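Undergrad: Numbered according to our numbering, the sequence shown terminates at residue 392, and the numbering increases by one at each position without gaps.
Virtual Cβ for every residue (Gly too), placed ideally from N, Cα, C.
All values reported here derive from a predicted model rather than from experimental measurement.
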Amino acid sequence: MADRAQSSTDADAVSRIIEEWHRQRPDLDPSPIEVLGRLHRSFLLYQSRTSKPVAAAGLSLAGFDVLAALRRSGEPYRLTAGELAATSLISSAGVTLRLDRLEGDGLIVRERDVKDRRVVHCRLTPAGLKLIDTLFAEHLENERSMLAGLKPKERVQLAALLQKLERSLGSTADPTVGVVTLVGC
208 MADRAQSSTD
218 ADAVSRIIEE
228 WHRQRPDLDP
238 SPIEVLGRLH
248 RSFLLYQSRT
258 SKPVAAAGLS
268 LAGFDVLAAL
278 RRSGEPYRLT
288 AGELAATSLI
298 SSAGVTLRLD
308 RLEGDGLIVR
318 ERDVKDRRVV
328 HCRLTPAGLK
338 LIDTLFAEHL
348 ENERSMLAGL
358 KPKERVQLAA
368 LLQKLERSLG
378 STADPTVGVV
388 TLVGC
C-alpha cells in the first residue's frame with residue numbers, strides 16, 4: 208500500500224494505471240492507454256472547462272454549438288435544420304430538440320422559405336447573435352488559457368498529430384455509432 212501511495216505522488220493517473228496493468232497483466236501491452244487515456248482525460252477536463260461558462264449563460268453545449276453554426280454561416284445567420292445537422296454532425300431529430308429550446312429562449316426564429324413552404328430556415332435573433340458573439344469570444348479565451356502550457360510549435364505539432372489520429376479513427380469507425388458535436392467549431 209505504501210508503494211502505491213508513493214507511486215501516486217511520482218506519476219499521474221494514466222501512468223499509475225499503466226504501471227498497475229503491467230503488474231497485473233505483464234502479458235499485455237497497455238501502451239495505447241498512454242495516448243488514448245490521456246486524450247480521454249484531457250477531453251473530460253476540456254468539456255468541464257467549456258461547459259461552465261456556457262451553462263452560466265443558460266445554454267447547453269449542444270445549444271452553443273447550434274448558435275455557433277448559425278453565426279459561422281454569415282449574414283443573415285440562417286440555415287435549414289438539415290444544414291445544421293450536417294454542420295453539427297448530429298441527427299435532424301437532435302437538431303429539432305435543440306432548436307425548440309433555443310426558439311423558446313428567444314435566441315433563434317424559424318421561418319418558412321418563401322419559394323418552398325416545406326423548407327424551414329432557422330435564424331439567429333438579435334439576442335442570439337449578441338449572446339453567441341459574447342460567448343464565443345469568451346470560449347476562445349478559455350481555450351487559449353487551456354493551451355497556455357504548450358509552446359506555439361508544440362500546439363502545431365499536437366494539432367497535426369490529433370488530425371492524423373482523427374483520420375485514423377475515422378477510417379476504422381463504425382458508421383452506425385452516434386456522432387459528436389464540435390463545441391464552437
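Could you tell me the alpha carbon to alpha carbon distance between Arg256 and Asp323, rounded to whole angstroms?
TA: Counting from one through the sequence shown, the residue named residue 256 turns up at place 49. Counting from one through the sequence shown, the residue named residue 323 turns up at place 116. Those two C-alpha atoms are separated by around 42 angstroms.
Undergrad: From the DSSP output, read off the bridge partner residues of Leu286.
TA: On the sequence shown, residue 286 is found 79 positions in, with the first residue counted as 1. BP columns for Leu286 point to Cys329.
Undergrad: Of the choices Pro239, Leu368 and Ala344, whose alpha-carbon is the least far from that of Pro260?
TA: Start at 1 with the first residue of the sequence shown, and residue 260 comes out as number 53. Nearest of Pro239, Leu368 and Ala344 to Pro260, Cα basis: Ala344.
Undergrad: So, at 7 angstroms on beta carbons, what are the nonlocal neighbours of Gly270 in its own chain, with the 5 sequence-adjacent residues on each side left out?
TA: Translated into the one-based positions of the sequence shown, residue 270 becomes position 63. Closer than 7 angstroms at the Cβ level, and outside the excluded window around Gly270, lie Arg305, Arg308 and Leu309.
Undergrad: Hey, how far is the Cα of Ser222 from the Cα of Arg230?
TA: To locate residue 222, count along the sequence shown from 1; it is residue 15. To locate residue 230, count along the sequence shown from 1; it is residue 23. Those two C-alpha atoms are separated by around 12 angstroms.
Undergrad: In this structure, how does DSSP classify Gln254 when only helix, strand and coil are distinguished?
TA: Within the sequence shown, residue 254 is the residue found at index 47, counting from 1. Residue state, collapsed to three classes: helix.
Undergrad: Under 8 angstroms, with one C-beta from each stretch per pair, do the stretch 272 to 285 and the stretch 370 to 378 reach the 3-pair mark?
TA: The stretch 272 to 285 vs the stretch 370 to 378: no contact.
Undergrad: Under 8 angstroms, with one C-beta from each stretch per pair, do the stretch 290 to 305 and the stretch 264 to 280 reach the 3-pair mark?
TA: A contact exists between the stretch 290 to 305 and the stretch 264 to 280.
Undergrad: With H, G and I counted as helix, E and B as strand and the rest as coil, what does DSSP make of Ile297?
TA: Counting from one through the sequence shown, the residue named residue 297 turns up at place 90. It is coil, neither helix nor strand.
Undergrad: Which one or two residues does DSSP pair with Val221 in a beta bridge?
TA: Locating residue 221 in the sequence shown gives position 14, counting from the first residue. None, per the DSSP bridge assignment.
Undergrad: From the DSSP output, read off the bridge partner residues of Val316.
TA: As a first step, residue 316 is located in the sequence shown; it is residue number 109 there, counting from the start. Partner(s): Arg330.
Undergrad: Please report the straight-line C-alpha distance between Pro237 and Leu246, rounded to a whole angstrom.
TA: For the purposes of this step, residue 237 is taken as residue 30 along the sequence shown, with counting starting at 1. For the purposes of this step, residue 246 is taken as residue 39 along the sequence shown, with counting starting at 1. For Pro237 and Leu246, the distance between alpha carbons rounds to 15 angstroms.
Undergrad: In whole angstroms, give me the CA-to-CA distance for Ala275 and Ile224.
TA: If you number the sequence shown from 1, residue 275 lands on position 68. If you number the sequence shown from 1, residue 224 lands on position 17. Using only the alpha carbons, I get a separation of about 37 angstroms.
Undergrad: Of the choices Ala300, Leu268 and Trp228, whose alpha-carbon is the least far from that of Tyr253?
TA: Along the sequence shown, one-based indexing puts residue 253 at 46. Residue Leu268 is the option with its Cα nearest to Tyr253.
Undergrad: Thinking just about the alpha-carbon of each residue, which of Val326, Gly311 and Asp312 is nearest to the one in Glu290?
TA: Here the question's residue 290 lines up with position 83 in the sequence shown. The residue with the shortest Cα to Cα distance from Glu290 is Val326.
Undergrad: Within 10 Å of its beta-carbon, does Ala288 have 16 or more other beta-carbons around it, so buried, or fewer, so exposed?
TA: Taking the sequence shown and counting its residues from 1, one reaches residue 288 at position 81. Ala288 should be labelled buried.
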